[in-house]
Each structure stands twice: as C-alpha cells, then as structure tokens.
DNA sequence: GATAAAATACCATTTACGTCA
DNA sequence: TATGACGTAAATGGTATTTTA
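In UniProt numbering, the protein residues as written are 1 to 188.
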C-alpha cells in the first residue's frame with residue numbers, strides 16, 4: 001500500500017510559499033549549524049520538534065525533515081566507507097596471515113621428513129603471534145562521530161543503541177544506530 | 001479479536017541547483 | 001566567460017509500522 005509519498009510530497013507543496021517547482025536555497029551557516037547541533041542530539045525528530053525547529057530556523061517543517069533525511073544518508077555513507085576501509089584492511093591482514101601460515105606449514109613438513117638433528121637443538125615452531133586486530137573489533141560496531149567524522153568504538157555503539165529510540169506517533173519504530181555525541185564527547 | 005485501509009515515518013534513488021576550480 | 005565536478009536541497013517512489021474504522 002502506498003500513502004507516504006503522496007503525503008510527504010503534498011505536505012512539501014502545501015508548505016511552499018508559492019506553487020512553483022522546486023526552489024533550491026542554500027541554508028545559511030547559522031541554520032546549518034543549528035541543524036547539526038540538533039542532529040548530534042538526535043538523528044531523528046518527532047513532529048513537535050520538527051515544527052519547533054522549523055520555526056526557530058525560519059524554514060518549512062518539510063525542509064527540516066528533508067535535511068535530517070539527507071544528513072542521515074550522509075552519515076550512513078560515511079559509515080559505509082569506514083566499514084569498507086576496515087574490511088579492506090582485514091583482507092590484507094588475512095592474506096598476510098595466510099602466507100605466514102603457509103610458510104610455517106612448509107617448514108613443519110620439511111622438518112618432519114628431514115633426518116633428526118645431531119644436537120638437541122630441536123626446532124621450535126615460531127610462537128603464535130598476538131591475536132590480530134580484526135579478531136577483537138567486529139566491523140558492525142564501528143561508528144562515526146558525525147561531528148568529528150572519526151571512528152568510535154563498540155561501547156559507544158552499544159550505548160547509542162540502548163539510549164536511542166524516541167519517537168512519537170505512528171510509523172516505523174526508530175532503529176537507527178547513529179552516533180550519540182553524549183556517549184562520545186570524551187573521544188572528541 | 002481479526003482485518004483492511006489510512007496515516008505516518010523513513011529510506012534509496014534521482015533530479016536539479018549553487019559553488020568553485 | 002564557459003564548463004565540468006562536486007556537494008546538497010528537494011522530489012519521487014517504495015517499504016515497514018502503527019492507528020483506526
């Protein structure tokens with residue numbers, strides 16, 4: 001069933017000052033700054049907050065809504081880039097690990113079929129290296145701070161997931177996993 | 001209580017505009 | 001000045017969830 005597109009589009013048009021087609025305006029620095037501030041507090045807005053913020057910014061509620069949508073999309077994109085970079089590093093590390101293990105295997109095989117050494121200096125297999133970083137840090141828990149664009153840790157992500165989820169009225173339950181600056185401020 | 005329709009929120013994608021090198 | 005690249009505001013079309021009759 002489809003109603004969202006109609007309602008959201010119509011709402012946008014209804015809010016328009018004139019009935020013309022889209023008129024793209026760049027937001028002022030002050031408007032962007034306040035929007036960013038609010039986004040850092042919460043990546044979603046309930047209708048009351050949206051209207052209040054729009055009034056404060058002298059914008060239409062639809063513009064505020066669109067801004068938050070686009071901002072969430074940008075954050076998600078950044079997060080994807082970080083995840084991608086992380087996986088690339090994982091791949092490189094695993095490739096290197098694989099090479100190392102192959103070499104070790106060859107060494108062990110060579111020892112097995114070689115005659116015993118004359119002295120007691122038996123071969124000691126190289127000690128196991130410390131667990132690589134990718135084993136300690138699941139990719140899904142990496143998060144980006146929207147303000148400083150740096151990667152946050154698993155603890156922040158868990159806190160965000162627990163703390164987030166304010167929404168009034170019907171519609172999709174908020175399951176977003178964006179960065180919460182209040183759980184991250186120390187890192188920034 | 002079950003159900004279909006309506007309402008709402010959100011997302012992915014696309015379009016179009018403003019800016020800058 | 002013209003232009004292409006890029007960032008982003010806005011539009012569009014879709015899904016998921018909640019409310020309501």
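From the three backbone atoms N, C-alpha and C, an ideal C-beta is built for every residue, glycine too.
Opening and closing residue of the alpha helix (DSSP H) in which residue i lies
i	result
residue 70	61-113
residue 32	29-41
residue 45	Premise fails: residue 45 is in no alpha helix (DSSP H) and is neither H nor E.
Length of the line joining the Cα atoms of residue i and residue j
i	j	result
residue 191	residue 99	The structure shown does not extend to residue 191, since the chain is modelled only from 1 through 188, so no value can be given for it.
residue 47	residue 33	20 Å
residue 108	residue 93	22 Å
residue 89	residue 102	20 Å
residue 43	residue 29	19 Å
residue 26	residue 96	48 Å
residue 113	residue 106	11 Å
residue 84	residue 72	18 Å
residue 82	residue 111	43 Å
residue 87	residue 116	44 Å
Residues of its chain near residue i, where Cβ-Cβ distance is below 8 Å and the 5 sequence neighbours each way are ignored
i	result
residue 64	35, 45, 50, 53, 54 and 57
Expected contact under 8 Å - CB spacing of residue i and residue j to nearest Å
i	j	result
residue 31	residue 59	7 Å
Chain-order list of residues whose beta-carbon lies under 7 Å from that of residue i (same chain, five-residue window excluded)
i	result
residue 41	none
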